DNA sequence: GCGACGATCTCA
DNA sequence: GAGATCGTCGCC
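Residue numbers (the numbering used here): 445 to 656.
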């Protein structure tokens with residue numbers, strides 16, 4: 445246990461180095477800690493996305509646009525984008541400002557605020573599924589496009605990022621593999637997750653589709 | 001201005 | 001295996 449806040453400097457490294465550091469970190473949304481309405485998620489699965497020109501799978505690959513503008517800003521800010529006409533996905537901006545890299549938060553374990561999260565997910569659901577998958581994680585935390593650009597490192601921020609506790613998610617418990625759902629640079633092993641954690645969205649080689 | 005497609009999820 | 005559903009971006 446530590447009161448050390450994850451610093452902006454910690455996030456200023458390259459996405460593929462920052463990403464595994466975020467495993468075990470806690471993202472909290474809403475009012476004061478553990479007050480009603482507040483939801484906290486321990487991050488269990490992430491993906492790194494590089495910046496301009498270096499990562500064909502990244503939104504920033506072709507340069508700055510209106511949508512990805514937040515990625516070009518300070519590390520430690522929240523980048524939220526809309527996909528498939530219905531889902532929001534949350535990222536932590538990292539790297540040096542203007543580098544435009546980010547870490548997609550793919551899954552987490554809801555630590556508190558489970559009932560709020562369950563309501564937002566729209567009905568009865570096992571705890572481990574409350575924030576499993578990037579779109580579901582955003583729903584559980586109540587994150588939408590309105591939150592894009594928020595400073596996650598600010599004490600008074602609506603959404604806050606806290607470092608993982610000492611000892612949690614030790615390196616030998618971290619697994620990595622290819623990113624999910626992308627076409628370009630699909631072989632780059634830039635997805636990290638906490639090995640064996642039931643809240644991770646997909647495990648390699650494990651079929652999660654229901655059998656027909 | 002238009003059209004194709006996507007860092008997904010759910011149900012069958 | 002496919003549908004839901006719409007903002008974004010590249011290209012005409």
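Idealized CB from N, CA, C, for every residue including glycine. All of these numbers come straight from a predicted model, not from anything done at the bench.
Tell me which residues share the same chain as residue i and place their Cβ nearer than 6 Å to its Cβ, disregarding the 5 neighbours each side in the sequence.
i           : result
residue 464 : 618, 636
residue 492 : 459, 460, 463, 547, 634
residue 608 : 468, 469
residue 651 : In this predicted model, residue 651 has a pLDDT of only 46, less than 50, meaning its place in the structure is not dependable enough to derive any value.
residue 536 : 547
residue 457 : none
residue 516 : 508, 542, 544
residue 455 : 462, 519, 520, 538
Check each candidate in the options and name the one with the smallest Cα separation from residue i.
i           : options            : result
residue 616 : 610, 607, 638, 523 : 638
residue 645 : 457, 611, 581      : 581
residue 527 : 641, 483, 588      : 588
residue 594 : 471, 502, 614      : 471
residue 498 : 545, 642, 525      : 545
residue 488 : 552, 586, 603      : 552
residue 570 : 540, 585, 554, 579 : 554
residue 563 : 494, 550, 543, 584 : 584
residue 404 : 486, 597, 523      : What the structure shows of the chain is the stretch from 445 to 656, and residue 404 is not part of that stretch, so it cannot be assessed.
residue 453 : 519, 504, 495      : 519
residue 560 : 455, 451, 483, 466 : 483
residue 522 : 630, 631, 473      : 473
residue 550 : 586, 631, 627, 623 : 623
residue 524 : 566, 451, 603, 565 : 603
residue 540 : 494, 565, 628, 610 : 494
residue 451 : 628, 606, 627, 610 : 606
May I ask which residues mark the beginning and end of the beta strand (DSSP E) holding residue i?
i           : result
residue 486 : 483-493
Per the DSSP calculation, residue i is bridged to which residue(s)?
i           : result
residue 525 : 533
residue 385 : In the structure as shown, the chain begins at 445 and stops at 656. Residue 385 is therefore absent and cannot be evaluated.
residue 471 : 485, 605
residue 635 : 491, 621
residue 546 : 493, 537
residue 595 : 521
Over what stretch of residues does the alpha helix (DSSP H) that includes residue i continue unbroken?
i           : result
residue 454 : 452-455
residue 580 : 578-585
residue 463 : 459-466
Among the residues of its own chain, which have a CB less than 7 Å from the CB of residue i, if the five just before and after it don't count?
i           : result
residue 579 : 531, 532, 533
residue 601 : 594, 595
residue 505 : 496, 497, 499
residue 613 : 467, 468, 638
residue 590 : none
residue 507 : 496
Leaving out the 5 sequence neighbours to the left and right, which residues in its chain are closer than 8 Å to residue i when beta-carbon positions are compared?
i           : result
residue 625 : none
residue 630 : 501, 622, 623
residue 655 : Model confidence at residue 655 stands at a pLDDT of 35, short of 50, so the residue's coordinates are unreliable and nothing is read from them.
residue 568 : 562
The segment 566-576 in contact with the segment 521-533 per 3-pair CB rule at 8 Å: no
Inter-stretch contact (C-beta, 8 Å, three-pair minimum) for the segment 507-523 and the segment 474-485: no
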